[in-house]
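Beneath this line is the structure, given in structure tokens, with notes to follow.
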Amino acid sequence: MRMTNKIMQNNSLYNINNNKILQDKLSTMMSTQKKITRPSDDPVIAIRALRLRTNVTELTQFYEKNSPDAESWLNVTEGALNTTTKVLTEIIRLANKGANKDLGSKDLDIIVGQMKSLRDEFYSTGNVDYAGRYVFTGYRTDTTLSFTEDVQEQQKDGYPIYKITEQKTIAAFDTINHTNIGGLEGLNKDNYTDTKYDNIKEQDVSSGNIHRLRLSYDGLKGKQPPANDDVEIKFADPAATDTFSADTVSGASVPSPYDQILAANAANTDKVIFIPETGEVLFSDKAYERMENAVKNLGTDTELQVTYTKDQWQKGDLRPEHYFACESTIKDEAGNPKTIKYNEEYLDGKGVKQSIEYDVGYNQKIQVNTTADEVFTHGMDRDIDDLEKALAELAEIDATKVDLDKVLKGLDEGTPEYADVKKKYDAAEKAYNYIRENVHDMLQKTITKVQGYLDDTNVAVTDNGTRSQRLDLISNRLMDQKTTFQVLQSENEDIDIADVLIKLNSTELTYNSALMATGKIMQTSLMNFI
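All the letters of the sequence shown, read from the start, carry residue numbers 80 to 609 under the working numbering.
This is the structure in structure tokens:
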């Protein structure tokens with residue numbers, strides 16, 4: 080085959096061009112620090128790069144965004160729970176201090192006042208938020224746990240009227256002590272001679288126990304038409320045949336609803352009374368016996384549903400939509416009523432715990448929230464209310480006793496007037512002793528109850544801490560996984576700079592040599608020999 084200059088020229092240009100292409104490729108690799116610039120350069124590397132980049136992106140989302148967000152939520156919850164623990168511990172200390180029988184009503188008033196302040200702090204802690212989301216309110220992260228201002232009936236854009244259904248068992252009943260002070264109400268040093276106090280005697284003062292179903296709220300709506308629909312008490316089990324109709328009696332009635340129940344006990348009659356001001360349903364012994372018999376037939380875990388209405392809300396009241404099946408009726412800007420139903424599934428036993436979970440790994444989720452019912456129950460508020468009410472009764476009878484004692488000191492012993500005042504004083508002292516003993520018992524029970532709330536809070540603290548520890552373990556593993564995948568990604572995509580640099584220098588040398596050789600060859604042709 081005859082090798083012409085043209086063939087040699089074409090071959091040289093072809094080889095030089097290939098060398099230049101390789102040099103360009105290596106130069107691009109040095110500039111980008113990557114093995115390929117397009118998938119066609121190496122499909123295997125491209126496919127692995129897509130998979131590894133996806134893994135690194137997901138791990139980055141988990142490790143750098145989801146995990147820190149979850150950790151922050153858990154830290155906010157931990158801080159709130161620690162505050163709650165301190166508050167409950169202090170309330171227990173105060174209750175222990177108040178259980179001293181040597182303390183007078185004024186000393187007890189100071190102690191209960193401190194307990195009220197701590198109670199307010201307890202519930203305000205439940206309104207803590209993280210990045211504008213309230214941490215204890217389940218899925219309703221845009222709604223505070225408790226009311227932050229007073230809300231009155233028919234207020235626009237408020238939550239004025241709630242129809243609430245509480246689901247209870249017979250275990251929710253408790254026994255309270257009530258003292259009938261025998262007509263001593265309002266007696267003082269200025270009116271002790273009034274004729275309405277003439278027949279007071281020590282024997283009229285009595286004390287008795289009452290079965291009570293305490294609702295979660297006080298200040299309830301009463302006297303709604305039609306009659307006797309202020310509170311509805313029924314068993315959830317359709318097989319139940321017993322019904323309990325409660326008479327609505329104001330706490331200011333004379334005789335008081337408590338005295339009426341004690342009278343029903345004495346007469347062995349069936350009576351149920353609803354007190355809207357205090358949110359209590361009182362059962363006579365016979366009515367409670369009927370309740371017990373019904374429960375025995377249905378089972379001790381039988382659900383008892385109590386429905387009532389509340390239309391006045393005070394700052395600090397827990398919002399019922401976080402706890403119960405209820406209906407809220409509000410007025411819109413146009414003044415038209417608007418009804419919102421909450422948690423209807425609770426009544427069918429289909430309620431689901433409102434857990435907020437974060438994706439913190441492949442097929443791994445972690446719950447970050449603690450729900451209000453685990454810590455912020457209504458019991459604390461109602462217990463302090465009971466103490467406050469009992470202390471008010473103690474202060475009133477104590478004032479009567481002190482006034483009568485002052486009157487006695489100004490009278491001559493043995494006179495008819497002295498005997499009359501002494502009779503009233505003895506009645507007041509007996510009533511005081513009954514009520515003082517009841518306050519002592521209530522403070523002791525408060526210690527036990529608040530200890531129970533503290534135990535529940537400690538469980539929540541433990542659960543939250545366990546989640547935090549688990550999140551730490553997951554975060555450490557995510558960091559290791561991310562590092563591993565980043566190394567794999569780098570090995571797959573990134574060049575070995577030293578190796579590429581050597582190849583680039585070699586290619587450059589080859590390219591220059593080819594240019595020199597080709598130039599020398601091209602200088603000689605047939606014309607040089609003619």
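We treat Cβ as the ideally placed atom computed from N, Cα and C, and that holds for glycine.
{"Asked": "Per DSSP, residue 287 forms a beta bridge with which residues?", "Found": "257"}
{"Asked": "For residue 108, which of 573, 589 and 584 has the nearest alpha-carbon?", "Found": "573"}
{"Asked": "For residue 426, which option in 150, 135, 247 and 589 has the closest C-alpha, if you only look at C-alpha atoms?", "Found": "247"}
{"Asked": "Pull up the distance between the alpha-carbon of residue 561 and that of residue 401, whole angstroms please.", "Found": "40 Å"}
{"Asked": "Quick test of your reading: residue 184 and residue 505, contact by CB under 8 Å. State the CB separation rounded to the nearest angstrom.", "Found": "At roughly 19 Å, the Cβ-Cβ gap does not stay under 8 Å, so residue 184 and residue 505 are not in contact."}
{"Asked": "Whose C-beta lies closer than 6 Å to the C-beta of residue 540 among residues of the same chain, with five residues either side of it excluded?", "Found": "160"}
{"Asked": "Quick check on this structure: which residue in 419, 93, 386 and 266 has the alpha carbon closest to the alpha carbon of residue 475?", "Found": "266"}
{"Asked": "Note down, one range per segment and in chain order, each alpha helix (DSSP H) of at least 4 residues found wholly within the segment 177 to 255.", "Found": "184 to 204"}
{"Asked": "In angstroms with no decimal places, state the Cα-to-Cα distance between residue 249 and residue 371.", "Found": "8 Å"}
{"Asked": "Does DSSP classify residue 305 as helix, strand or coil?", "Found": "Residue confidence is low: residue 305 scores 47 on pLDDT, short of 50, so the model does not pin down where it sits. No coordinate-derived value is stated."}
{"Asked": "Could you check the C-alpha separation between residue 306 and residue 196 for me, to the nearest Å?", "Found": "Confidence in residue 306 is poor, its pLDDT being 47 and thus under 50, which makes the residue's placement unreliable; the coordinate value appears in the next sentence. Their backbone Cα atoms lie some 39 Å apart in a straight line."}
{"Asked": "Quick one: grab the DSSP three-state call for residue 360.", "Found": "strand"}
{"Asked": "Report, in whole angstroms, the separation of the C-beta atoms of residue 321 and residue 381, which I expect to be a contact under 8 Å.", "Found": "That belief does not hold up - the Cβ atoms of residue 321 and residue 381 are roughly 11 Å apart, past 8 Å."}
{"Asked": "Taking the alpha carbon of residue 202 as the point to measure from, which residue in 181, 227, 586 and 438 has its own alpha carbon closest?", "Found": "227"}
{"Asked": "Could you name the residues of the same chain whose beta carbon sits closer than 8 Å to that of residue 470, not counting the 5 residues immediately before and after it, in chain order?", "Found": "184, 187, 188, 191 and 518"}
{"Asked": "Mind checking which residues open and close the alpha helix (DSSP H) that includes residue 564?", "Found": "495 to 572"}
{"Asked": "Look at the Cβ atom of residue 405, then the Cβ atom of residue 222, and state whether they are nearer than 8 Å.", "Found": "no"}
{"Asked": "Is the distance from the Cβ of residue 153 to the Cβ of residue 543 below 8 Å?", "Found": "yes"}
{"Asked": "I'd like the span of the beta strand (DSSP E) that includes residue 416, first residue to last.", "Found": "416 to 421"}
{"Asked": "Considering residue 91, what are the terminal residues of the alpha helix (DSSP H) in which it resides?", "Found": "84 to 111"}
{"Asked": "Apart from the five residues on each side of it in sequence, which residues of its chain come closer than 7 Å, Cβ to Cβ, to residue 340?", "Found": "289, 350, 352, 361 and 363"}
{"Asked": "Under 8 Å, with one C-beta from each stretch per pair, do the segment 577 to 595 and the segment 93 to 109 reach the 3-pair mark?", "Found": "yes"}
{"Asked": "Assuming contact is defined by CB atoms lying nearer than 8 Å, are residue 167 and residue 529 in contact in what I supplied?", "Found": "yes"}
{"Asked": "What's the call for residue 304, buried or exposed, on a 16-neighbour Cβ count within 10 Å?", "Found": "Bear in mind that a pLDDT of 49 at residue 304, under 50, signals an unreliable position, so the number given afterwards is only what the model happens to contain. Label assigned to residue 304: exposed."}
{"Asked": "Using a threshold of 7 Å, is the CB atom of residue 107 nearer than that to any non-hydrogen atom of the ligand FAD?", "Found": "Because no ligand of any kind appears in the structure shown, any question about the ligand FAD cannot be addressed here."}
{"Asked": "Which ranges would you report for the beta strand (DSSP E) in the segment 407 to 457 if only whole runs of at least 3 residues count?", "Found": "416 to 421, 436 to 440 and 443 to 446"}
{"Asked": "Are the segment 456 to 465 and the segment 486 to 506 touching by the rule of at least three beta carbon pairs closer than 8 Å?", "Found": "no"}
{"Asked": "Please state the DSSP three-state secondary structure of residue 591.", "Found": "helix"}
{"Asked": "Does the Cβ of residue 259 have 16 or more other Cβ atoms within 10 Å, making it buried, or fewer, making it exposed?", "Found": "buried"}
{"Asked": "Kindly identify the DSSP beta-bridge partner or partners of residue 384.", "Found": "246 and 313"}
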